[in-house]
Every structure is written in structure tokens, then in C-alpha cells.
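Asker: Okay, handing you the structure first.
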Amino acid sequence: SDHMENIYGYLMKYTNLVTGWQYRFFVLNNEAGLLEYFVNEQSRHLKPRGTLQLAGAVISPSDEDSHTFTVNAASGEQYKLRATDAKERQHWVSRLQICTQHHTEAIGKNNPPLKSRSFSLASQGSANSPGVQRRPSQNAVSFFSVGHHRLPTGKRVPITQPDHLVDVREMMSQAEGQQRELIRSIECLPVSGHLTSLDQDLLMLKATSMATMNCLNDCFHILQLQHASQQKGSLPSGTTISWLEPKISLTNHFKNGAAQNFPAEINKPASVREEQSIAEPCQLTREPEEINSDEELEDICDDKEDDLGAVEEQRSVILHLLSQLKLGMDLTRVVLPTFILEKRSLLEMYADFMSHPDLFIAITNGSTPEERMIRFVEYYLTSFHEGRKGAIAKKPYNPIIGETFHCSWRMPKRDVATDAGSNLSAHSSSEQVTLSKDMEGQAELDYYTVKFVAEQVSHHPPVSGFYAECVERKMCVNAHVWTKSKFLGMSIGVTMIGEGLLSLLEHGEEYTFSLPCAYARSILTVPWVELGGKVNINCAKTGYSASINFHTKPFYGGKLHRVTGEVKQNMTNTVVCRVQGEWNSMLEFTYSNGETKCVDLTKLSVTRKRVRPLEKQGPFESRKLWQRVTESLRDGDIDKATEHKRALEERQRNEERLRAETETPWCTKYFLKEGDGWVYHKPLWKTTSAVQTQQTDTN
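Going by the working numbering, the first residue of the sequence shown is number 51, and it counts up by one from there.
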């Protein structure tokens, strides 16, 4: 009885981006099953500023920190609240959950089975329709009972014997059929009127019923595995039970170009575009283009992703999308709503990871293998902060197969860190020997140039290749990344499958590295980005390696965005450097000699990339390709952005069908397939060795 007493007190409530968090006085009315709040305790005798029905609600501690939690009402309304500490949060969450369970069960007892109800979704047009005459006192949970059949009272379904597993399967099949009928009834409703297919309650019902059936199926599968293990004695060692995923045939999974688009000269009439695609199926495959960096201008585009208004306004769209997803489902072929998109392509996001070219170039200036490995780790850890456009989790455009992105950076030589024992003039003179004649004139410039090119080389699976080089310092990096995304319930996980290779030709060293996983958390409220997983950096020649851990935040306590790592000499197993901190704010490096260095990422200077103006870009370069989508997003016209995005996607689907019908393989432009990876067609290590061979033959 103590747990059912009313409780009250101050909590912080998140309102919106403008007003942010505000203190409000909350009252849990256990008898009525309501959570009410007031401006302050003195106004408690007045009408509440807000009220939530707790029957059917979901109370969830947040994974952002140990103080925050959310109350998700069955109506779709949500309160995001924050207590003063973890203990107070647990107190509120426990009491809210007890009250919610009590009133949810009470509604279940008071509502008769469906067969005795006098209405159905099919009668929504009549005068007695519950949608037409929904009373204010009628909460969402009682409305949600539409379409659910109750099991006969007193009948238990034991699942410990194999015969009863069959009964469970039959009952689940019946429930699945009823759930499908429910979804069909909802989707057949009109889009306007008193009761529509976009009703908040019905969208929530679709989402929760689908999630419930998916969860029951997964649990039933686990029960079957347990029963099988009991019959056989035990499961083989190493066997794990995991959530089910949709099965994808390999032939479809590795087929190029389906769910994205290949728009060729969108400004032309549709009839002209269609004629060209039929007459010239390989028109999009062209010879590699040499980009003149002198044509590139400093980028003045600065699209900050800080507007979350659309996310709140589009909650029904998100709920509708979630109702179609399954835990662990691969999202590669799922079309996500336009309003969650960043105003840039994924290929450009990879380029933004290079926004500190001074740290990149400084790697090769290290005087010892140990120093070069440490400098690479420093550069690697500072790259993610600028690669993200703010803390808000929005999604870059999915690149279209054949899409490319070019840019460069100019870095004044005086701003690049050197080593006391290094001699830049000696480097410059040695460079003259290996540079081709057309590069000799640039050796006297007072800046280094870092060039970048990226290409979407495959669509299923979605693989991007990118390459960057600094010819003057004889260093380059080549990487390929397959972004594999999964639905994780209230978050989305993206695994970055692939490998990168940094080549320091001056030292004959190669460094292999991988990338961490990324997570979009709290996708129904204020989405935010988190990195997680372990990455390794290795240099086989020198025997130095680095192990870096991106820590995801634990459920209780802990810090956000934490990263730790160490650099060691493998032969002696000696740790020469340790690093700790947050990948988006402050990093601390501790060296073997006891010295420490702190790097404030928020204060690091960012070198703006140089990009060709739109009028000089080709039709498949990222900014030209997505120009209309980006402009519509800047104008806040989500419908128009969706229309342009759909046109691009339809174009790509048509081209894929045409390639399949004509059995025409896809040909890449800048990257070549080598084994399981993709390599730039003209990497610096090939051109440099060719020049050296030519000079040797001449001598």
C-alpha cells in the first residue's frame, strides 16, 4: 500500500530546443493513474499544466545519463524528465511503473473480450463509431483493445513439454493472423475524417503490436532451442542464442545498385532521360577525371544540423516506420524519412574526417617509428569530432552507386608540426628526385596540398572507397567502408566494415586501421550520436601497434563518449603511450617518459576544404547530384526534398533493372577491386615507384 501512495516533487522537464530544460512540480496521482505537473508547488491548487494517463504507458530510464528518464503514454505523448540524481530517478521510475501496471491491469479486467464488443474498425463510418464519439475520459489503452482476442480465463499454456510447444505455436499463429487483420483494418481507413489511418493511437497500436509479435516469435525460437538442447543433453560448446535476422540471399545481397539512385542530368525531361538510359546503358561509366585543385575554392557552405523541430513534428512518421521494423533488422534496404537527413552525402562526411590536415601531414615528420605511430593515433582520434556536424544524430545521404566527391586542403608549411631532428629542406630536396616534372614547380610553394576523392563503388552491399594523398610529403591513405546498419529498438547501430591503409613512402611504412561502430540513440526524442567498439592500428614493419576502445555509456552511471587506448611495441610488449578522454571534447596523452599532453578538440583549428563550384562539377559529384534535395532541406520544405530524393532513387532502380536485363556489369571510375577490398586506380605508391624506375633506367 505504501507503494501506491501519491508522491510529488520537482523534476526537470525537457520542453524544446528554445526553452530547453525547466523545473516543474510533478504529482503522481495513483488513484486516478495520472502524472500531472504544475509550474511550481504554489500553483498546485490550479489546473495542471499537463497530464498523462499512465495506463498502458512505458517508463524508460534513459541511456544518456543516470538522471534522465522518459514517460511514454499510450496516446503517443511523451515526457522527458530529469531527476537530481540516480537515486531519485530510481524512486520515481519504480513508483511510476507500479502505478502504470496497476491501472493497465485494471483496464484489462474491465474491458470484455472483443467478441462481446459492439464495434469494430470496419464500422468506423457509422454514427456509433468509437472514433466519432470518443469521450474525453476514454483513454488510449481501452481503444487499443480493438483487434486483440483474450485467452479463455483459467486456461494456462504450459510450455515445458514438447506437445504444448505445438499448442503455443498454434496460438501464436492465431495471434499473428489477428494482428495482420488489425493492421489491414487500420491501413484501410481513410486519410482524413474523424478516425484515420494516421491517428496517433492507431500508429502506436501498429508499432506496439508488431513489436510484441516479433518479440514473442524470438522468445519462442529460444524456447525451441532450449528444448532441443534438453533432448540432446546440451548445446555444443561455443553455441550462442541470438536474435533472429531476416535472411538475405547472397545473390541479391551483393548485387549492385538497387535501393539508391543514379540520376543522370536530372534537369532534362523525363522522356529524354529514359531514352538515354535505354540507348546508352553504360553512359555513366567514364574515364577517371583529373581534378585541377586550382579550380577548387575554399568551401563557404556551413550547414549546421541543429534543428530538431521536424523530429518532434514527424513523430507519427517515425512510429509508422518503427511498426515495420524488427529487432536486429538490417536497414540497408529500408527507406528512411527525409526529415532526418543531413544536408551532405556520406562521401562528403568521410572527407570531413580529414579536417585537420596539419595533424595528418605531421605524421610523417616523426623522427622515430614510435613517434610516427603516436602521431597517427593523435590524428586518428581527433578526426571524429569534426566529422560529425554537431551532437545531433542525423543521417547523411546514402551515396548513389557511381557517385563521387572531390576536394582538397591547402596547409601552410609553417603550421605543420615538425620534429627537432628533422630537416624540412632536406625533405624538399629529396622530393625533387621523385616528383614528376609537372609537380616540380609546386615544390617551391609555401603550402602543402592534400587531395581527396571518394566513390560509391557498390550499392548492395553499400561500399564506399576513399583516397587522400599529399604528394609533397609522399604519404597517402586508402580505405573502403561497408556501412551495415541495424535496428536496435530505441537506437540504430551502424557497423563500419572495412579497412584503411596509411602509406608513408618516405619511411617505407604501412599502417592498417579499422573504424568504430556508430549509434544513433534515443531516436524517438532527441537523437544523439555515440561511438563504440575496439579498433586496432598496426605497422608490420616497425612492430608498433595501437589498441583503441570507444566506450558506450553503461545503463547506470558512466561518462558519454569515453575513449581509452594504448600504443605498444609488440616485440617487447612495452606500452609507450596511453590515451584517455572523450573523442568529442578533451583527450589526454601520457607518454613513457612521464610527460602528458592534453588536446582540447573543441579548440583545434579546422582547415576548410576546397571544392569546385557547382557549375564546374560533374552530374554525379555529390553536391551537384543532391543539389535539389539539399536546397529543399535548407528551405525547410520536407515534401519537396522527399520528391527530389524519390526521383533519384527511382532513377537508380530503373538503371539497375536495365543492367540486369542486359547483363551489363557495373564499372567503377576511380577504384579497382583487389581481393576483398577496393584500391584507388592511381595510388601514390604506384606512381612514385614508376617515376623512380623511369629515372633509374634513364641514369
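For glycine and all other residues, C-beta sits at the position ideal for the given N, C-alpha and C.
Keep in mind the model is a prediction, meaning the values are calculated, not measured.
Do three or more CB pairs link the stretch 135-147 to the stretch 113-125 at distances below 8 Å?
Answerer: Touching, per the Cβ criterion.
Asker: Output needed for E398: all residues of its chain with C-beta closer than 6 Å, excluding positions within five of it in sequence on either side, in chain order.
Answerer: Reading the sequence shown from its first residue, position 348 is the one you call residue 398. Around E398: F455 and S672.
Asker: Determine, using beta-carbon pairs with one atom in the stretch 628-648 and one in the stretch 612-620, whether at least three such pairs fall under 8 Å.
Answerer: At 8 Å Cβ cutoff, the stretches touch.
Asker: Which one of Q92, I109 and Q128 has the shortest CA to CA distance from T101?
Answerer: Residue numbering aside, residue 101 sits at position 51 when the sequence shown is read from its first letter. Nearest of Q92, I109 and Q128 to T101, Cα basis: Q128.
Asker: Buried or exposed for P512, please, with buried defined as at least 16 other CB atoms from any protein chain shown within 10 angstroms of its CB.
Answerer: In the sequence shown, residue 512 corresponds to position 462, counting from 1. So P512 counts as buried.
Asker: Start and end of the alpha helix (DSSP H) containing L405?
Answerer: Taking the sequence shown and counting its residues from 1, the one referred to as residue 405 is at position 355. The sequence as given places Ser at residue 405; Leu does not occur at that position. Where S405 is concerned, there is no enclosing alpha helix (DSSP H), given that its DSSP letter is neither H nor E.
Asker: Distance check for A518 and P715, CA to CA, integer angstroms please.
Answerer: The residue you call residue 715 lines up with position 665 of the sequence shown. The residue you call residue 518 lines up with position 468 of the sequence shown. If you take the alpha carbons of P715 and A518, they lie about 27 Å apart.
Asker: Check the Cβ-Cβ distances between E127 and every residue of chain C, and say whether any is below 7 Å.
Answerer: The question asks about chain C, but that chain is absent: this structure has only one protein chain.
Asker: On the DSSP bridge assignment, give the partners of G515 in chain order.
Answerer: Taking the first residue of the sequence shown as 1, we reach residue 515 at position 465. Bridge partners of G515: E505 and H530.
Asker: What's the gap between the Cα of L651 and the Cα of E55?
Answerer: Locating residue 651 in the sequence shown gives position 601, counting from the first residue. Locating residue 55 in the sequence shown gives position 5, counting from the first residue. Their backbone Cα atoms lie some 49 Å apart in a straight line.
Asker: I'd like the list of long-range same chain contacts for C648, defined as Cβ closer than 6 Å, with 5 residues on each side in sequence excluded.
Answerer: Translated into positions along the sequence shown, residue 648 becomes position 598. So the qualifying residues of the chain are E638.
Asker: Taking K130 as part of the beta strand (DSSP E), name the residues at either end of that continuous run.
Answerer: Locating residue 130 in the sequence shown gives position 80, counting from the first residue. Run containing K130: Q128 to R132, per the beta strand (DSSP E) assignment.
Asker: Taking the alpha helix (DSSP H) that S595 falls in, what are its first and last residues?
Answerer: Translated into positions along the sequence shown, residue 595 becomes position 545. First-last for S595: Y594 to H601, but that is the beta strand (DSSP E), not the alpha helix (DSSP H).
Asker: For F410, which of K591, A467 and L347 has the nearest alpha-carbon?
Answerer: To locate residue 410, count along the sequence shown from 1; it is residue 360. Out of K591, A467 and L347, A467 has the C-alpha closest to the C-alpha of F410.
Asker: Kindly indicate which residue of Y58, K690 and Y73 has the alpha-carbon position closest to the one of T65.
Answerer: As a first step, residue 65 is located in the sequence shown; it is residue number 15 there, counting from the start. The shortest C-alpha separation from T65 is found at Y73.
Asker: Please state whether DSSP places L84 in a helix, a strand or coil.
Answerer: Here the question's residue 84 lines up with position 34 in the sequence shown. Here L84 sits in strand by DSSP.
Asker: Would you report the Cα separation of G59 and C238, rounded to the nearest angstrom?
Answerer: As a position in the sequence shown, residue 59 is number 9, starting the count at 1. As a position in the sequence shown, residue 238 is number 188, starting the count at 1. G59 and C238: Cα-Cα distance of roughly 45 Å.
Asker: What residue range does the beta strand (DSSP E) around R696 cover?
Answerer: Here residue 696 refers to the residue found at position 646 when the sequence shown is read from its first residue. Careful: R696 lies outside any beta strand (DSSP E), inside the alpha helix (DSSP H) at I688 to T712.
Asker: Short of 6 Å in beta carbon distance, which residues of its chain neighbour H611, apart from the five on each side in sequence? Order them along the chain.
Answerer: Position 561 of the sequence shown, counting from 1, holds the residue named residue 611. Within the same chain, H611 has close Cβ partners E632, W633 and N634.
Asker: Please report how far the alpha carbon of W459 lies from the alpha carbon of A691, in whole angstroms.
Answerer: Position 409 of the sequence shown, counting from 1, holds the residue named residue 459. Position 641 of the sequence shown, counting from 1, holds the residue named residue 691. Computed Cα separation, rounded: 30 Å.
Asker: Kindly give me the distance between the Cβ atoms of L131 and L61, rounded to whole angstroms, as I take these residues to be in contact under 8 Å.
Answerer: As a first step, residue 131 must be located in the sequence shown, where it is residue number 81. As a first step, residue 61 must be located in the sequence shown, where it is residue number 11. Their Cβ separation, rounded to whole angstroms, is 5 Å, which keeps L131 and L61 in contact under 8 Å.
Asker: In the DSSP assignment, the beta strand (DSSP E) including V625 goes from what residue to what residue?
Answerer: Indexing the sequence shown from 1 puts residue 625 at position 575. Its beta strand (DSSP E) spans residues T624 to E632.
Asker: Measure the alpha-carbon distance for E346 versus R662 and round it to whole angstroms.
Answerer: Sequence index remark: in the sequence shown, residue 346 carries index 296 (1-based). Sequence index remark: in the sequence shown, residue 662 carries index 612 (1-based). Taking the straight line joining both Cα atoms gives about 4 Å.
Asker: Span of the alpha helix (DSSP H) holding K444?
Answerer: The residue you call residue 444 lines up with position 394 of the sequence shown. K444 -> no alpha helix (DSSP H), and no H or E assigned at all.
Asker: Which whole runs of the alpha helix (DSSP H) in the stretch 216-282 are 4 residues long or more, in chain order?
Answerer: Complete alpha helix (DSSP H) runs here, min 4: 250-282.
Asker: Report, in whole angstroms, the separation of the C-beta atoms of F434 and L552, which I expect to be a contact under 8 Å.
Answerer: Within the sequence shown, the letter at position 384 stands for residue 434. Within the sequence shown, the letter at position 502 stands for residue 552. Rounded, the Cβ-Cβ distance is 16 Å, inconsistent with contact.
Asker: Roughly how many angstroms lie between the CA atoms of A529 and K659, to the nearest whole one?
Answerer: For the purposes of this step, residue 529 is identified with residue 479 of the sequence shown, where counting begins at 1. For the purposes of this step, residue 659 is identified with residue 609 of the sequence shown, where counting begins at 1. Each residue's alpha carbon lies about 19 Å from the other.
Asker: According to DSSP, is Q619 helix, strand or coil?
Answerer: Position 569 of the sequence shown, counted from the start, is the residue given in the question as residue 619. Reduced to three states, the DSSP call for Q619 is strand.
Asker: For F670, name the three-state secondary structure that DSSP assigns.
Answerer: Start at 1 with the first residue of the sequence shown, and residue 670 comes out as number 620. Looking at F670 - three-state DSSP - the assignment turns out to be coil, as it is neither helix nor strand.
Asker: So what does I451 bridge to, in DSSP terms?
Answerer: Here residue 451 refers to the residue found at position 401 of the sequence shown. Bridge partners of I451: none, in fact.
Asker: What residues in its chain sit with their C-beta under 8 Å from that of T203, if we drop five residues either side in the sequence?
Answerer: Translated into positions along the sequence shown, residue 203 becomes position 153. Reliability fails at T203, whose pLDDT of 44 lies under 50, so the model's placement of it is uncertain and the value that follows must be treated cautiously. Contacts found: none.
Asker: Report yes if the C-beta distance between L554 and W735 is below 7 Å; otherwise report no.
Answerer: Here residue 554 refers to the residue found at position 504 of the sequence shown. Here residue 735 refers to the residue found at position 685 of the sequence shown. No, Cβ-Cβ distance for L554 and W735 is not below 7 Å.
Asker: Under 6 Å Cβ to Cβ from V544, same chain only, skipping five residues before and after it: list those, please.
Answerer: Position 494 of the sequence shown, counting from 1, holds the residue named residue 544. Excluding positions up to five away in sequence, the list reads T533, S535 and A568.
Asker: Spatial neighbours of W71 within its chain, please: CB distance less than 8 Å, with the 5 preceding and 5 following residues excluded, ordered by chain position.
Answerer: Looking up residue 71 in the sequence shown gives position 21. So the qualifying residues of the chain are M62, K63, Y64, T65 and R132.
Asker: Return helix, strand or coil for D344, following the three-state DSSP convention.
Answerer: For the purposes of this step, residue 344 is taken as the residue at position 294 of the sequence shown. Note: D344 maps to helix in three-state DSSP.
Asker: Rounded to the nearest angstrom, what separates G227 and I233 at their Cα positions?
Answerer: Taking the first residue of the sequence shown as 1, we reach residue 227 at position 177. Taking the first residue of the sequence shown as 1, we reach residue 233 at position 183. Roughly 10 Å between the two C-alpha positions.
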